[in-house]
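Step one of this worksheet: look at the structure below.
In our numbering, the protein residues as written are 31 to 310.
Okay, structure coming up:
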């Protein structure tokens, strides 16, 4: 319980109750069915977003502040925010959780910094990656870790959009099935990480002058039947029958997309500021 306690969670508490109430759910036993439902509802309801970064908001990682920002004020957030909140909620619900940090590689073979946070859940003798903070390409549900005898070249699991493979001993990749081919979103190991590691990654992600969130307005929601994603002036809706691409015309258009399609609570003035500061 030392790591769980360090992250501000552990034991049944009010944080999980308030979080579940936002979904119309009640706390129950820590089952796979509940875990799947929480994960699916989270990515469909609470947007992944750099709005707070672009507006200069303070973004502390304390679980209560995350609940307030993501759930109650509907401001969205990054992986360190979404997955930090999910970690705390699952710990309160009695799940066996571990924090993991990852390197976003976008199908490359390089070694970038540890700027992505996920949660591993041990349940019924198996381990799953729960990631509600990767954005439009992220999973809708828990992704199982590979079996000990699994190989990277094994057939893709039927009906699944994501999988984890062990590319080299101790080096795992979370992959997305993209145009029929495996695409490695990020790589990770099974090292031990603490809150200080998350604070460092979070600080880089929302303060470093070269960080994606600092330089780009991004937002997304993963619904059951479509994925809505925004990057600066480019808005895309992805459905089973194809993509619909829309170019953001002006500040009013941007504000409407952020509010109505992506579920972000912003004012008209904030919408104008965000549009005015979009990269050319």
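Glycine included, every Cβ here is placed at the ideal spot set by N, Cα and C. Quick caveat: nothing in here was measured; it's all calculated off a predicted structure.
Item                                                                                                                                 : Value
Among 77, 45, 100, nearest to residue 292 - alpha-carbon criterion                                                                   : 77
Within 9 angstroms, strictly: CB atoms of residue 123 and residue 57                                                                 : yes
Neighbourhood of residue 266 by C-beta distance below 6 angstroms, restricted to the same chain and skipping five residues each side : 259, 273, 275
Which listed residue (133, 125, 94, 108) has its alpha carbon closest to that of residue 220                                         : 133
Nearest-angstrom Cα separation, counted from residue 86 out to residue 309                                                           : 16 angstroms
Sequence-distant residues of its chain with Cβ nearer than 6 angstroms to residue 146 (five each side left out)                      : 109, 132, 134, 216
Per-residue DSSP class, three states only, for residue 33                                                                            : Summary for residue 33: the model assigns pLDDT 42, below 50, so the residue's position carries little reliability, and this model does not support an answer.
9 angstroms Cβ cutoff met for residue 112 and residue 127                                                                            : no
Among 186, 297, 206, 182, nearest to residue 167 - alpha-carbon criterion                                                            : 206
For residue 202 and residue 277, the rounded distance between their alpha carbons                                                    : 36 angstroms
Element boundaries [alpha helix (DSSP H), containing residue 46]                                                                     : 44-52
Beta-carbon separation (whole angstroms), residue 281 vs residue 305, contact threshold 8 angstroms                                  : 4 angstroms
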